[in-house]
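So in my numbering, the last spot in the sequence shown is 563, and the numbers never skip. Note that CB positions come from ideal geometry on N, CA and C, so glycine has one too. Treat the numbers as computed from the prediction; the structure is a model and nothing was measured. In what follows, a single structure is set out as structure tokens and then discussed.
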Amino acid sequence: MSEAVLIDCFNLCVNTRPFGRARFFYFLLVCLACFFLTSCPNSATTQSVSTGRSVQIVETTGDHSMLLQMQPGISFTAGGSSSGLVITVDDATRFQQMDGFGGSLTDSSAWLIWNKLNPSQRNTLMQQLFSPSAGIGISFLRQPMGASDFSASGNYSYDDMPARQTDPNLTNFSVTHDAAYIIPLVKQALSINPSINVVALPWSPPAWMKSTGTMNGGNMNTAYFPSLAHYFVDFVQAYQHQGVPIYALSVQNEPLYSTTGYPSEHLPASDESAFIANNLGPALSTAGLANVKIFGYEHNWDNTAYAESALKSSAAQYLAGTSFHCYAGDPSAQSTVETTFPTKDIWFTECSGITSSTFAGDLVWNAQHLLIGSTRNWARSVSLWNLALDQNSGPKNGTCSNCRGVVTIDDRVSPATVTLNVEYYILGHLGKFVRPGAHRIESNTFGAGSIEDVAFQNSDGSIVLLVLNSASTAETFTARFKDQSFHYTLPAGAVATFTWK
């Protein structure tokens with residue numbers, strides 16, 4: 063039946079006043095006929111009618127006009143275009159399991175949150191960071207063991223000794239420093255989001271374990287490898303005693319970079335492998351901590367040889383996989399390692415924001431390289447760096463003068479103000495929706511300068527599709543899932559997260 067006939071039929075029903083019983087039944091039959099014809103499943107007019115699954119959308123644009131802003135919901139329809147930019151999501155093809163999205167409550171970050179915000183502000187910020195409903199759902203914390211280049215307290219370890227004195231049995235080991243504000247904030251984060259995975263690693267061992275006698279730069283004195291293994295075990299047990307379970311350990315932050323400017327250490331691949339194989343792995347097993355994962359490498363994308371050498375060595379039996387940083391190379395390095403060692407996992411664990419860049423540029427770069435690039439190249443995590451820094455990129459214990467936290471706490475006024483930076487919104491686009499235990503699933507993508515995407519499935523069956531438009535103009539695309547589809551137009555440089563079940 064044509065649309066015109068249906069309209070005439072409808073008007074006849076609603077506008078004609080029947081007279082008499084016979085005429086009443088006549089018009090009743092006409093109206094019923096109109097109803098069944100328009101609602102018939104085979105009617106040509108129903109092809110564009112929604113068939114079910116509703117899609118929730120949040121979007122962020124480079125001009126700040128939308129910041130994780132909920133958009134009007136849409137629904138899948140049957141069929142859909144098979145030409146143009148079509149993203150096909152396939153939950154039958156699964157890849158790596160996800161551990162989470164987050165950053166680091168460094169000494170500087172924790173000190174700022176604890177000391178520069180009043181209790182109400184602190185609680186609000188912690189909800190914004192860690193709550194999946196009220197915030198961005200951070201589920202991965204990478205915690206320095208002792209001082210890093212961002213330590214409001216200066217250099218410290220968990221077993222500091224006077225110059226030229228040693229403590230190989232670690233009789234002076236203590237995490238008292240962290241109990242002041244770091245551990246309380248980590249525990250508050252866990253109370254908000256119990257699914258958080260906590261990873262820990264040193265920027266430097268205690269100074270007395272090193273050949274240089276200082277935390278800043280130099281090499282490990284390998285004679286103290288047994289003490290260093292004991293140091294890791296004591297740390298895990300101390301944090302567990304405080305109510306903070308440790309998911310994984312890395313041996314050394316950025317082992318190929320040693321500087322006198324902040325805590326650091328040059329640790330050759332052969333030394334790392336020997337330490338894991340002969341000391342750390344056995345020590346964790348003996349202590350009943352074999353479930354604590356060990357990550358290898360922990361440095362930039364531009365060097366896969368270090369990671370591969372460890373995975374080829376006797377340390378491999380203890381290594382869960384490899385962790386990467388963003389400061390050189392590109393995410394494809396992760397797939398290079400995964401292809402050679404498919405039974406080992408990949409984590410992406412550090413990338414700092416910088417104050418000299420733009421919101422729009424960082425939104426695209428981070429979505430392209432971290433949210434999409436690292437996860438499409440097997441990363442189980444996306445972790446940035448400091449969760450909070452002040453207006454001067456501090457407090458600093460190093461040399462970075464333009465580093466930016468996920469949030470900025472400006473303490474020039476009282477009470478301090480909190481600014482949510484582009485890194486906050488980037489983390490939110492996946493952290494809020496992709497829960498630990500989710501799997502990345504198959505989706506095709508169109509590469510830089512077009513529509514780029516990645517898809518996940520949570521353990522409850524819900525689907526998360528992240529889409530970036532890295533083109534210079536708005537792009538319309540189609541998303542297909544199980545013979546249904548929806549269309550969406552995304553502005554240039556914008557990021558959107560689509561969820562459905």
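Query raised in the report: Less than 8 Å separating the beta-carbons of L174 and A422?
Result: At the C-beta level, L174 and A422 stay beyond 8 Å of one another.
Query - Distance CB(S532)-CB(S505) smaller than 8 Å - result: In this structure, S532 keeps its C-beta atom at 8 Å or more from the C-beta atom of S505.
Query raised in the report: Per the contact definition of three or more C-beta pairs closer than 8 Å, is the segment 387-395 in contact with the segment 346-357?
Result: At 8 Å Cβ cutoff, the stretches do not touch.
Requested in this report: Could you check what DSSP says for Q304 in three-state terms: helix, strand or coil?
Outcome: The answer is coil: DSSP assigns Q304 none of H, G, I, E or B.
Query raised in the report: At a cut of 8 Å, does the segment 242-257 reach the segment 175-192 through at least three beta carbon pairs?
Result: With a cut-off of 8 Å, the segment 175-192 and the segment 242-257 count as touching, because enough Cβ pairs lie within range.
Query raised in the report: Nearest to F212 by CA position, among P264, P230, A369 and V260, is which residue?
Result: Closest option to F212, Cα to Cα, is P264.
Report task. Could you check if Q159 is buried or exposed, using at least 16 other CB atoms within 10 Å of its CB as the buried criterion? Result -> Exposed is the call here.
Report task. Can you give me the Cβ contacts of T538 inside the same chain, cut-off strictly under 6 Å, excluding the 5 residues immediately before and after it? Result -> So the list reads T551, once near-sequence residues are dropped.
Report task. Identify whether R488 lies in helix, strand or coil by the three-state DSSP scheme. Result -> Checking the displayed sequence, the identity of residue 488 turns out to be Ile instead of Arg. Correct three-state label for I488: helix.
Query - Helix, strand or coil at K406 [DSSP, three-state] - result: Three-state result, K406: coil.
Query - Burial state of R474 (16 or more Cβ within 10 Å) - result: By the 10 Å Cβ count, R474 comes out exposed.
Report task. Find out if the Cβ-Cβ distance for the pair A558, S534 is shorter than 8 Å. Result -> Contact flag unset, no.
Query raised in the report: In three-state DSSP terms, what is D125?
Result: Note: D125 maps to coil in three-state DSSP.
Query raised in the report: Does the Cβ of P206 have 16 or more other Cβ atoms within 10 Å, making it buried, or fewer, making it exposed?
Result: Per the 10 Å Cβ criterion, buried.
Query raised in the report: Exposed or buried, which one is A209 when buried takes at least 16 other CB atoms within 10 Å?
Result: Buried: at least 16 other Cβ atoms inside 10 Å.
**Report entry** Through-space distance from N259 to L311, alpha-carbon basis
**Finding:** If I take the Cα positions, the gap works out to 11 Å.
Query raised in the report: I think L373 touches F403, with their Cβ atoms under 8 Å apart; what is that distance to the nearest whole Å?
Result: Confirmed, about 5 Å.
Query raised in the report: How would you call D452, buried or exposed, if buried means at least 16 neighbouring beta carbons within 10 angstroms?
Result: Within 10 angstroms of the beta-carbon of D452 lie 16 or more other beta-carbons, which makes it buried.
Query - Unbroken beta strand (DSSP E) run spanning D153, endpoints - result: Element bounds for D153: V148 to Q159.
Query - Buried or exposed (CB count within 10 angstroms, at least 16 for buried), N483 - result: With 16 or more other Cβ atoms inside 10 Å of its own Cβ, N483 counts as buried.
Query raised in the report: What first and last residue would you give for the beta strand (DSSP E) that runs through G162?
Result: Element bounds for G162: G162 to S166.
Report task. Report yes if the CB atom of M282 is closer than 8 Å to the CB atom of D333, and no otherwise. Result -> The criterion of a C-beta distance shorter than 8 Å is satisfied by M282 and D333.
Query raised in the report: On the three-state DSSP scale, how would you describe E327?
Result: Coil at E327, not helix or strand.
Report task. May I ask which residues mark the beginning and end of the alpha helix (DSSP H) holding L346? Result -> It spans G343 to T348 - the alpha helix (DSSP H) in which L346 sits, taken as one unbroken run.
Query - Cβ separation of S320 and P268, assumed to be a contact under 8 Å, to the nearest whole Å - result: P268 and S320 do not touch by the CB rule: their CB atoms are close to 16 Å apart, not below 8 Å.
Query raised in the report: Taking Cβ positions, are F157 and R502 nearer each other than 8 Å?
Result: Between F157 and R502, the C-beta spacing is below 8 Å.
**Report entry** Residue closest to A241, alpha-carbon to alpha-carbon, out of S116, A172 and Q379
**Finding:** Per the Cα distances, A172.
Report task. With a 10 Å radius around its C-beta and 16 neighbouring C-beta atoms as the bar for buried, classify K563 as buried or exposed. Result -> The residue is exposed, with fewer than 16 neighbouring Cβ atoms inside 10 Å.
Requested in this report: Say whether the segment 132-144 touches the segment 430-449, bearing in mind that this needs 3 or more beta-carbon pairs closer than 8 Å, one atom from each stretch.
Outcome: Contact fails: fewer than three Cβ-Cβ distances are below 8 Å.
Query raised in the report: So G493 and G124 are in contact, right, with Cβ under 8 Å, and what is the actual spacing, rounded?
Result: So it is not a contact: roughly 20 Å between Cβ atoms.
Report task. Give every residue of the same chain whose Cβ lies closer than 6 Å to the Cβ of D229, excluding the five residues on either side of it in the sequence, and list them in chain order. Result -> Within the same chain, D229 has close Cβ partners D221 and M223.
Requested in this report: State buried or exposed for I308, treating a residue as buried only when at least 16 other CB atoms are found within 10 Å of its CB.
Outcome: Burial check for I308: the Cβ neighbour count within 10 Å reaches 16 or more, so the residue is buried.
**Report entry** Cα-Cα separation between S455 and P477, rounded to whole angstroms
**Finding:** Using only the alpha carbons, I get a separation of about 19 Å.
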